[in-house]
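*Asks:*
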Amino acid sequence: MELILGYEILESYKRLPYKPWFAFAEFIDNSTQSYRNNRERLDELYEAEETLLQVEINYNNGKNSFITISDNAFGMSKVDLQNAMTLGKKPSISNERSKYGLGLKTAAFWFGNKWQIETTQTGSNKLLTVTVDLEKILKDEKEYYKAEREKQKKHVGEKPYNIEQFRPNLIITETSVAKEKHGTTITIKDLVRNITPTVHNNCIEYLQSIYRVDLKNETLYLEFQKTPLIASFEDVKKRLLLASNGKKFFRKLAFEVNGKKVEGWAGILKEGSKASGGFALIQADRVIVGYPKNYKNGLLFGTEEGGRNDLTNQRLTGELNLDEKFNVSHTKDQILFSDDEEDELNLRLYEDLQDYKKEANIPFKNREQPKTNLSFDFEDAVDTVIKNLETPKFLDAVLNKSVLPAEVISKTNSETVQRLLKATHKTFEYKLDPYVIYVVLSNDSSNWDPYLIVRAAPAANSLTILINVNHPYWLDLNDNNSRFNFLLNCIYDGVAEWKAGFLLGTLDPDTIKKIKDDLLRLELSAG
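Position 518 of the sequence shown, counting from 1, maps to 527 under this note's numbering, and the rest follow consecutively.
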């Protein structure tokens, strides 16, 4: 007897326990894994094209609803495409972010009944297209078995008439395209679920967390409904609490659980929230469990769902990188611990961090404050900066780290301003007839938003200076004098850039610095 699966199973994919952001992540995983598998070849192409790996997600909830996911990754050959259309068949390279051969199909059917793949492999001049229509497949399957059963009834002969399993006839078409083209676009139609405003915002928040490593390393440009996603979770370390000796509560972690490697770090936040406490669980540079629902084990955080609502749950934070020997759910939103793995992990974390658990739960007002040196040693300060610039981390940031194209940075900043100005902020208006300057202290900015964005009105008669008071640098400032000087420099930077660009018509760096120099020479009067 054969085990035969009917194609009604495809309809059951709509009942999978996906969240929309994890379903979208299935497509992004395929794109980023395509890049990881062909990094050397694609990096050469991207350098010539002056771009990087790009994944863009767009949708429409209207009458003709659709979702599109497009990338400029390596693309698929005909064999790759056939494998992608085979249920449960693992990719030819099944590792890291693409292991099970399910994600594309399950996520596509979860969103809609009809979808299409268009792909061109790097170096090819062929656009391959295939369309999958669930309603047609189920209708054809029903008619096929009905006809086959009739044949079976009428069959006469010694050998029984065996009904072969139904296989839908999916046609892959080929179209000629320019040889420079490469990448894949997936279009989903006949949607069974819409992207509500709340879902839209959650997708941005979760996807920024899930792909924080790629975004921070600038190996991925990810856009959701025309909004560029940016995250720099390295900044979390700048928000860590200082001990009485002046050093931050930060500890590296490295151990094994049943022969499986775990590496990462833990720290105590100066200011936290229930969402920021706990650990991000990362595998293959991709967050499996993370902000705003970090992993919280019982020994450190309590057995309640999401942990207790105490200071430890708000301030004890970190990241754990798990090697590929740890199993992941096929929806890639949880680690599937085997046997006593989770107990061993929790015990090891508790042993390494029980002192941090205690420290994190001490109210800030009860802590012994780090001593500050009121004298300023100019030589020592410069020496410290130069020595930091000589470290591999700073050298890499200055000499090697790529910078996003100017138009991408400008677009991202414009999107950020539009998003933030919809919220209520401390806004200060200053009239310098005929000009108006608005200084906005943004509490709704995230810690990865830029520290400063300067925007002038089209007519250049008004200037908005948006300052991120959730930026790690701001949070690191320990006294009002430091905060005043930071605000002063932000405002002077904004005014200098505005005057140079809109009043003088140049963004020459020397001109901007000269204007700021003039401002710095002015004597400040008391407020």
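From the three backbone atoms N, C-alpha and C, an ideal C-beta is built for every residue, glycine too.
Contact check, F83 vs H164 under 8 Å by CB: the rounded distance?
*Replies:* Reading the sequence shown from its first residue, position 74 is the one you call residue 83. Reading the sequence shown from its first residue, position 155 is the one you call residue 164. At roughly 49 Å, the Cβ-Cβ gap does not stay under 8 Å, so F83 and H164 are not in contact.
*Asks:* Compare the C-alpha of E157 against each of D142, N487, Q174 and E127 and name the closest.
*Replies:* Taking the sequence shown and counting its residues from 1, the one referred to as residue 157 is at position 148. Here the closest residue by C-alpha is Q174.
*Asks:* Using 10 angstroms around the beta-carbon of G327, count the other beta-carbons present and answer buried if the total reaches 16, otherwise exposed.
*Replies:* For the purposes of this step, residue 327 is identified with residue 318 of the sequence shown, where counting begins at 1. Label assigned to G327: buried.
*Asks:* Thinking C-alpha only, which one of Y154, K135 and I181 is nearest Q125?
*Replies:* Counting from 1 along the sequence shown, the entry for residue 125 is found at position 116. Among Y154, K135 and I181, the Cα nearest to that of Q125 is on I181.
*Asks:* Using the beta-carbon count (16 or more within 10 Å), is V18 buried or exposed?
*Replies:* Position 9 of the sequence shown holds residue 18. The sequence given here places Ile at residue 18; Val does not occur at that position. Exposed.
*Asks:* Confirm, please, whether the CB-CB distance from I76 to F120 is below 9 Å.
*Replies:* What you label residue 120 is simply residue 111 of the sequence shown in a count that begins at 1. What you label residue 76 is simply residue 67 of the sequence shown in a count that begins at 1. Yes, they are a contact pair.
*Asks:* Would you tell me roughly how many angstroms separate the C-alpha atoms of Y444 and Y27, rounded to the nearest one?
*Replies:* Start at 1 with the first residue of the sequence shown, and residue 444 comes out as number 435. Start at 1 with the first residue of the sequence shown, and residue 27 comes out as number 18. Roughly 51 Å between the two C-alpha positions.
*Asks:* Quick one: what's got a C-beta closer than 7 Å to P263's C-beta in the same chain, skipping five residues either side?
*Replies:* Taking the sequence shown and counting its residues from 1, one reaches residue 263 at position 254. According to the sequence shown, residue 263 is Ala rather than Pro. The answer, listed in chain order, is E272.
*Asks:* Tell me the DSSP secondary structure of I371 in three-state form.
*Replies:* Start at 1 with the first residue of the sequence shown, and residue 371 comes out as number 362. Of the three classes helix, strand and coil, the one that applies to I371 here is coil, per DSSP.
*Asks:* If I'm right that F33 touches C212 with Cβ under 8 Å, what's the distance once you round it to whole angstroms?
*Replies:* As a working mapping, residue 33 is identified with position 24 in the sequence shown. As a working mapping, residue 212 is identified with position 203 in the sequence shown. About 6 Å separates the two Cβ atoms, so the contact holds.
*Asks:* With the cut-off set at 9 Å, would you say E86 and Q130 are in Cβ contact?
*Replies:* Taking the sequence shown and counting its residues from 1, one reaches residue 86 at position 77. Taking the sequence shown and counting its residues from 1, one reaches residue 130 at position 121. Going by the sequence as given, residue 86 is Ser instead of Glu. Going by C-beta atoms, S86 is nearer than 9 Å to Q130.
*Asks:* Under the three-state reduction of DSSP, which class applies to I521: helix, strand or coil?
*Replies:* In the sequence shown, residue 521 corresponds to position 512, counting from 1. Helix.
*Asks:* Below 8 Å on the Cβ atoms is my guess for R221 versus A240; work out the distance and round it to an integer in Å.
*Replies:* Position 212 of the sequence shown holds residue 221. Position 231 of the sequence shown holds residue 240. Yes, R221 and A240 are in contact; Cβ-Cβ is about 4 Å, under 8 Å.
*Asks:* Taking the alpha-carbon of I204 as reference, which of E227, L325, L179 and Q234 has the nearest alpha-carbon?
*Replies:* Here residue 204 corresponds to residue number 195 of the sequence shown, with the count starting at 1. Per the Cα distances, Q234.
*Asks:* To the nearest angstrom, report how far apart L134 and T128 are at their CA atoms.
*Replies:* As a position in the sequence shown, residue 134 is number 125, starting the count at 1. As a position in the sequence shown, residue 128 is number 119, starting the count at 1. According to the sequence as given, residue 134 is Asn; it is not Leu. N134 and T128: Cα-Cα distance of roughly 11 Å.
*Asks:* Restricting to Cα atoms, I'd like to know which of I297, W30 and N370 is closest to D319.
*Replies:* Walking along the sequence shown from the start, residue 319 turns up at place 310. Cα-wise, what sits closest to D319 is N370.
*Asks:* Report the three-state DSSP secondary structure of A289 (helix, strand or coil).
*Replies:* Within the sequence shown, the letter at position 280 stands for residue 289. Residue state, collapsed to three classes: strand.
*Asks:* Among L497, S491 and S285, which has the Cα closest to the Cα of V448?
*Replies:* Here residue 448 is taken as the residue at index 439 of the sequence shown, counted from 1. Taking only the C-alpha atoms, the option nearest V448 is L497.
*Asks:* Output the distance between the C-alpha atoms of L62 and N81, rounded to the nearest integer angstrom.
*Replies:* Counting from 1 along the sequence shown, the entry for residue 62 is found at position 53. Counting from 1 along the sequence shown, the entry for residue 81 is found at position 72. Approximately 6 Å between the Cα atoms of the pair.
*Asks:* Under 9 Å between the Cβ atoms of N254 and L309?
*Replies:* The count along the sequence shown starts at 1 and reaches residue 254 at position 245. The count along the sequence shown starts at 1 and reaches residue 309 at position 300. Against a cut-off of 9 Å, the Cβ pair of L309 and N254 comes out as no contact.
*Asks:* With DSSP as the reference, identify every bridge partner of D142, one or two as the case may be.
*Replies:* Position 133 of the sequence shown holds residue 142. For D142, which the question treats as bridged, DSSP gives the partners K123.
*Asks:* To the nearest angstrom, report how far apart D519 and L529 are at their CA atoms.
*Replies:* Within the sequence shown, residue 519 is the residue found at index 510, counting from 1. Within the sequence shown, residue 529 is the residue found at index 520, counting from 1. In a straight line, the C-alpha of D519 is about 15 Å away from that of L529.
*Asks:* In this structure, does DSSP put G536 in helix, strand or coil?
*Replies:* As a position in the sequence shown, residue 536 is number 527, starting the count at 1. With a pLDDT of only 49 at G536, under 50, the local geometry of the prediction cannot be trusted, and no value is derived from it.
*Asks:* Okay, do the stretch 328–341 and the stretch 277–292 touch, 3+ Cβ pairs below 8 Å being the bar?
*Replies:* Because the criterion of three Cβ pairs below 8 Å is met, the stretch 328–341 and the stretch 277–292 touch.
*Asks:* Just confirm the distance between the C-beta atoms of F258 and E368, as a whole number of angstroms; I'd bet it's less than 8 Å.
*Replies:* Counted from its first residue, the sequence shown places residue 258 at position 249. Counted from its first residue, the sequence shown places residue 368 at position 359. With a Cβ gap of about 6 Å, F258 and E368 count as contacting.
*Asks:* Locate the alpha helix (DSSP H) running through P237, then write down its first and last residues.
*Replies:* Taking the sequence shown and counting its residues from 1, one reaches residue 237 at position 228. Taken as a continuous stretch (DSSP letters only), P237 belongs to no alpha helix (DSSP H), being part of the beta strand (DSSP E) at T236 to L238.
*Asks:* Within this structure, are the beta carbons of N487 and R248 separated by less than 9 Å?
*Replies:* Position 478 of the sequence shown, counted from the start, is the residue given in the question as residue 487. Position 239 of the sequence shown, counted from the start, is the residue given in the question as residue 248. In this structure, R248 does not lie closer than 9 Å to N487 by Cβ.
*Asks:* Taking the alpha helix (DSSP H) that F233 belongs to, which residues open and close that run?
*Replies:* For the purposes of this step, residue 233 is identified with residue 224 of the sequence shown, where counting begins at 1. Not the alpha helix (DSSP H): F233 falls in the beta strand (DSSP E), residues Y230 to F233.
*Asks:* Can you check which of these residues, D332, K302 and Y300, is closest to G268 by C-alpha distance?
*Replies:* Here the question's residue 268 lines up with position 259 in the sequence shown. Checking every option, the nearest Cα to that of G268 belongs to D332.
*Asks:* Please identify the residue among K440, R50, P206 and F118 whose C-alpha is closest to the C-alpha of N69.
*Replies:* As a first step, residue 69 is located in the sequence shown; it is residue number 60 there, counting from the start. Out of K440, R50, P206 and F118, P206 has the C-alpha closest to the C-alpha of N69.
*Asks:* Which of helix, strand or coil does DSSP assign to V165?
*Replies:* Within the sequence shown, residue 165 is the residue found at index 156, counting from 1. V165: coil per DSSP, three-state reduction.
*Asks:* Going along the chain, which unbroken runs of the beta strand (DSSP E) with 3 or more residues stay wholly within the stretch 279–339?
*Replies:* Runs of the beta strand (DSSP E) inside the stretch 279–339: 287–292, 295–298 and 325–331.
*Asks:* If I measure Cβ to Cβ from Y215 and keep anything under 6 Å in the same chain, skipping five residues before and after, which residues do I get?
*Replies:* Here the question's residue 215 lines up with position 206 in the sequence shown. Taken in chain order, the residues that qualify are W30.
*Asks:* For the alpha helix (DSSP H) containing R48, name the first residue and the last one.
*Replies:* On the sequence shown, position 39 is the one that residue 48 refers to. From DSSP, the alpha helix (DSSP H) with R48 extends over R48 to E58.
*Asks:* According to DSSP, what are the bridge partners of F259?
*Replies:* The count along the sequence shown starts at 1 and reaches residue 259 at position 250. DSSP, once it has assigned bridges, lists G276 as partnering F259.
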